[in-house]
Structures are given as structure tokens and as C-alpha cells.
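Counting from 21, one number per residue, gives the positions in the sequence shown under the working numbering. We put the CB at the ideal spot given by N, CA and C, even for glycine. Just so you know, these numbers come straight off a predicted model, no measurement behind them. Working notes, structure below.
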Amino acid sequence: MTIHMEDLLNSIMESFDRIDYIKAADIPNIDLYMDQVTTLMESRLKNSTRYPDQDKILTKTMINNYTKNHLLPPPLKKKYSREHVMILIFIYYYKGFMSISDIQTILQPITEKYFRKSDGLTLEDIYEEVFSLEKEQVEILKKDVMDKFTRAKETFGDDERSGEDQAFLRFFAFICML
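Have a look at this one:
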């Protein structure tokens with residue numbers, strides 16, 4: 021199977037366009053049971069996966085493991101708050117590029133200081149602030165990928181290789197720059 025540079029570029033750009041997050045206002049203002057949490061996450065974040073028909077966003081086992089490993093505070097009477105959902109969303113995005121122990125290191129100070137706090141800065145305030153940066157950062161990423169694509173197309177131009185070899189080497193250079 022041959023993958024062309026343009027196809028990879030289009031796939032990456034489409035992935036950027038699929039990036040979405042659950043806005044705090046869209047998280048129910050009532051406590052949810054585990055099944056309701058998994059349904060909410062699946063329905064809202066399914067399109068952000070590479071294989072929407074196969075990839076699981078969140079399972080009961082994942083939630084239980086996150087709680088057992090102190091990434092997620094325990095539920096109250098088997099119900100999860102809006103803040104639990106926000107923490108789960110952070111975990112969902114972080115686990116794409118961080119280990120569980122690294123995620124714990126990042127989230128533990130946040131949950132200790134801001135989880136179930138109603139005065140001063142809240143977890144919802146932090147969530148909103150962090151995700152407000154997303155659109156701007158996606159545009160910066162798109163430009164960066166386009167710049168790398170353009171640069172990769174300029175590589176191996178003075179080479180005596182066949183057009184097919186040159187195309188593959190440019191494709192390889194593009195992947196390496198990502």
C-alpha cells in the first residue's frame with residue numbers, strides 16, 4: 021500500500037478539524053451514574069478518534085482504574101459530578117501522549133486544590149481557560165504542518181534517484197519532521 025504525502029497531509033488536517041471538546045456548559049449540572057458518564061463521553065468525543073467505529077472513549081473499567089490509581093477522585097454515592105467529567109476529559113486527551121503516572125503527576129495538584137471548591141478559582145474556571153486556548157493552538161498547528169509539508173517537498177531535489185524514490189524520501193522527511 022502506498023501512502024502519498026498529500027493524502028497524509030489531508031488526513032492530518034481533517035484530524036485537526038475533528039478536534040472537539042465538551043464545553044463546561046454542555047456538561048449536565050446534575051450528578052451522573054457511571055453509565056451516563058460513559059454515554060456522554062462516547063457521544064461527544066467519538067468523532068475525535070482515529071477509528072470512531074472501533075475506538076472506545078471511556079469504559080467502566082477505565083473509570084474504576086482511574087479512581088483506584090488516584091487520577092480521579094472517588095464518586096459520591098456512585099455518582100459523578102461535573103468536575104469528575106472535566107477530569108475525565110483531561111485524562112482522555114492526556115493519555116494520547118502521556119503515561120498514566122505522568123497524568124497523575126499533572127492532575128493531582130489540580131484535584132487537591134480545586135476539586136469540590138466553590139470559592140476562588142474553581143476546576144470549571146481552569147477547564148474553561150485551558151480549552152479557550154484550543155482554537156488558536158489548532159490554527160498554529162495547522163500552519164506548522166503546512167510549513168513542514170512545504171519544506172519536505174523541497175528535500176531530495178538534487179538527488180539522482182527515480183521519481184518514486186524521491187517521492188518516498190520526501191514523504192519520509194515529512195513524517196520525520198512531524
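Bridge partner(s) assigned by DSSP for residue i
{"i": "K99", "result": "Y53 and L96"}
Host alpha helix (DSSP H) of residue i (start-end)
{"i": "D27", "result": "M25 to R38"}
{"i": "P129", "result": "I120 to Y134"}
{"i": "D46", "result": "Looking at the DSSP string, D46 is not in any alpha helix (DSSP H), and its letter there is neither H nor E."}
{"i": "I77", "result": "Counting along the chain, I77 falls outside any alpha helix (DSSP H), and DSSP gives it neither H nor E."}
{"i": "E148", "result": "L143 to S152"}
{"i": "R70", "result": "Element bounds for R70: n/a, residue is neither H nor E."}
{"i": "E184", "result": "G183 to M197"}
Proximity winner among the options, relative to residue i (alpha-carbon distances)
{"i": "S119", "options": "F36, R64, L91 and L153", "result": "L91"}
{"i": "R64", "options": "Q74, I50, K43 and T81", "result": "K43"}
{"i": "K98", "options": "E180, R190, D55 and I130", "result": "D55"}
{"i": "I77", "options": "E62, N84, N85 and D139", "result": "E62"}
{"i": "L29", "options": "T58, E184, M106 and K162", "result": "K162"}
{"i": "Q124", "options": "S138, Y86 and D185", "result": "Y86"}
Residue environment, residue i, which counts as buried when at least 16 other CB atoms sit within 10 Å
{"i": "M21", "result": "Residue placement at M21 cannot be trusted, given a pLDDT of 44 that sits under 50; what the coordinates show is reported in the next sentence. By the neighbour-count rule (16 or more Cβ atoms within 10 Å), M21 is not buried but exposed."}
{"i": "E103", "result": "buried"}
{"i": "L143", "result": "buried"}
{"i": "T81", "result": "exposed"}
{"i": "M166", "result": "exposed"}
{"i": "S152", "result": "exposed"}
{"i": "L52", "result": "buried"}
{"i": "S202", "result": "In the structure as shown, the chain starts at 21 and stops at 198, and residue 202 therefore has no counterpart that could be examined."}
{"i": "I195", "result": "exposed"}
{"i": "I111", "result": "buried"}
{"i": "A45", "result": "exposed"}
{"i": "V150", "result": "exposed"}
{"i": "I23", "result": "exposed"}
{"i": "S101", "result": "buried"}
{"i": "T131", "result": "buried"}
{"i": "R190", "result": "buried"}
{"i": "L127", "result": "buried"}
{"i": "Y71", "result": "exposed"}
Chain C within 9 Å of residue i, Cβ atoms only
{"i": "Q186", "result": "Here there is only one protein chain, and chain C is not present."}
> Counting Cβ pairs, one atom from each stretch, are 3 or more of them under 8 Å apart for the stretch 154-170 and the stretch 33-52?
Replying inline: yes
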